[in-house]
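For what it's worth, UniProt numbering labels the leading residue of the sequence shown as 1, then goes sequentially. Using N, Cα and C, we set each Cβ at its ideal position, and we do this for glycine too. Here the structure is laid out as structure tokens; the discussion comes afterwards.
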Amino acid sequence: MRLVMVGSGYVGLVSGVCFADFGHDVVCVDKDPAKIARLKNGEVPIFEPGLDTMLEANMRAGRLSFTTDLTEAARDADAIFIAVGTPTRRGDGHADLTYVYEATREIAVLAAENAVIVTKSTVPVGTGDEVERILREFRPGANISVVSNPEFLREGAAIEDFKRPDRIVIGTDSDHARYVMTEIYRPLYINQGPLLFVSRRTSELIKYAANAFLAMKITFINEMADLCEKLDADVQDVARGIGLDNRIGAKFLHAGPGYGGSCFPKDTLALVKTAQDAKSPTRLIETVVEVNGRRKKRMAEKIIAACGGSVAGKRIAVLGLAFKPNTDDMRDAPALDIIPALQAAGAEVIAYDPESMEQARQVLNIGFAEGPYDCIEGADALVIITEWNAFRALDLKRVKASLKSPVVVDLRNIYRPQEMKALGFTYHGIGRGA
Ligand code: NAD
């Protein structure tokens, strides 16, 4: 199959590279010339484990190419995927569909007869209808279908998720589109893949429902963590105790500073807005959004309290800036709420992150260290915001010797309170007793 990805960011690029790896001919398009120039050189502009070698191998095999110009690529494509960003619209919380509709107009003029246009971006219910309406404006009578195929990959594990997804949701009522989509995903499985065919609007909603549910699970355990602090219980044990129940499941039960990242915050908010517009408000998700927003702000207060009630003139070492490990993505990362609040309270912040510092420099005005120990040296407190593997087995004796005062605020619970106490730290985790 000949496939075109419009938008070569985290989703478009990973999808494009993985499709090529399964033998399809893929052209990845992006309107950012700097991004395309780097990709043409075999350089991956984002950090995603394993993506660089797979990209290089598929470019060498002649199955994967990059361009800023859709014209040539679209001409004989069987399917054109829209994988552009759908950020929060300024002012009202709805998803901003400007990029999706812009891409649609470009594709509408160029798509071949019988092509399938696939929306991979996360888009509110009804967006596929509007994409189709725009298409018909340009190409009345053309035999081109518009399909919804939301993406469920996680940054940091994107290749594995893309190649072995739990399910592939496809929203269409066209037989031809169904055939094309089945052919596109067929190589991923020797036996039959977990394809779920539904209506286009249902498919669009499934993506939001999935993200909202996961965000709710995180928020649930975060509230349990707060309760644990009041009742002298341990949230790690609560999470294990409920997570071993198959009806609940152990995933997404890690208490922390509140969910962030490029999807959950914007998608929960967009779902809330969609539901309000439809006069069927999702009270549960409205509360999740509110509770999570407050939580991220409260984390700075927790750190200040751990520092004796004031951070004025103090130096705070921060380990981890990205919204989660194994990505360089800083979009809506909890660090972006926590660090400015510490600075506003008079702290000097120095941080280290294995991959996100280049992106962080654009949004945070702080000092950057070259490694974890360098970061900690002479600091009044250590705060762990992201649970990178590299921070999970620090030489704690060295950490203690480097800190000016042995205060550790571990927002990801990667260390054990008793052990930290035995080593002489004043240790603050999340939901780990009184
Ligand atoms: P991104 O910002 O990393 O990438 C979007 C890319 O599209 C950018 O490189 C931009 O230059 C390009 N672009 C915009 N308009 C274009 C146009 N008209 N022609 C060509 N290129 C254009 O975004 P992302 O994180 O890959 O997310 C894309 C979509 O996928 C969003 O709707 C998001 O919600 C969804 N999604 C993201 C993830 C994730 O983990 N990042 C997971 C699942 C779904």
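{"Check": "Residues with C-beta closer than 6 Å to any heavy atom of the ligand NAD, in chain order", "Outcome": "Val6, Gly7, Ser8, Gly9, Tyr10, Val11, Gly12, Val29, Asp30, Lys31, Asp32, Lys35, Ala83, Val84, Gly85, Thr86, Tyr99, Glu102, Ala103, Glu106, Ser121, Thr122, Glu151, Leu153, Glu155, Ser262, Cys263"}
{"Check": "Identity of the residues DSSP links to Ser65 by a beta bridge", "Outcome": "Val27"}
{"Check": "6 Å CB neighbourhood of Glu106 in its chain, flanking five on each side removed", "Outcome": "Leu70"}
{"Check": "Alpha-carbon to alpha-carbon, Asp374 and Gly424", "Outcome": "21 Å"}
{"Check": "Reduced DSSP category for Val399 - H, G, I as helix; E, B as strand; rest coil", "Outcome": "helix"}
{"Check": "Beta-carbon proximity check, Asn211 vs Phe264, cutoff 8 Å", "Outcome": "yes"}
{"Check": "Separation of Gly171 from Tyr259, as counted between CA atoms", "Outcome": "28 Å"}
{"Check": "Cβ neighbour criterion (16 or more within 10 Å) applied to Val146", "Outcome": "buried"}
{"Check": "For Glu155, the nearest candidate out of Val4, Ile206, Asn292, Lys324 (CA to CA)", "Outcome": "Lys324"}
{"Check": "Cβ contact (3+ pairs, closer than 8 Å) linking the stretch 380-395 and the stretch 180-197", "Outcome": "no"}
{"Check": "Simplified DSSP state of Glu387, which is helix, strand or coil", "Outcome": "coil"}
{"Check": "8 Å Cβ cutoff met for Ile80 and Ile117", "Outcome": "yes"}
{"Check": "Contact check, Lys120 vs Val11, beta carbons under 8 Å", "Outcome": "yes"}
{"Check": "Contact set for Ala77: own chain, Cβ-Cβ below 8 Å, skip 5 residues either direction", "Outcome": "Arg2, Leu3, Val4, Val27, Ala111, Ala112, Ala115"}
{"Check": "Residue nearest to Ile184 in terms of C-alpha spacing, selected from Asp25, Arg432, Ala434", "Outcome": "Asp25"}
{"Check": "Nonlocal neighbours in the same chain, by C-beta distance under 7 Å from Asp353, ignoring five residues either side", "Outcome": "Gly320, Leu321, Ala322, Ala360, Thr386"}
{"Check": "DSSP bridge partner residues for Thr119 (one or two, in chain order)", "Outcome": "Ile82, Ser148"}
{"Check": "8 Å Cβ cutoff met for Val272 and Thr219", "Outcome": "no"}
{"Check": "Leu188 and Phe22 closer than 8 Å at C-beta", "Outcome": "yes"}
{"Check": "Backbone CA spacing between Val238 and Ala103 [nearest angstrom]", "Outcome": "47 Å"}
{"Check": "Gly243 to Ile316 span [Cα, whole Å]", "Outcome": "34 Å"}
{"Check": "Which of helix, strand or coil DSSP assigns to Phe368", "Outcome": "strand"}
{"Check": "Same chain, Cβ closer than 7 Å to Ser199, neighbours up to 5 away in sequence not counted", "Outcome": "Gly171, Asp173"}
{"Check": "Alpha-carbon to alpha-carbon, Gln276 and Thr202", "Outcome": "18 Å"}
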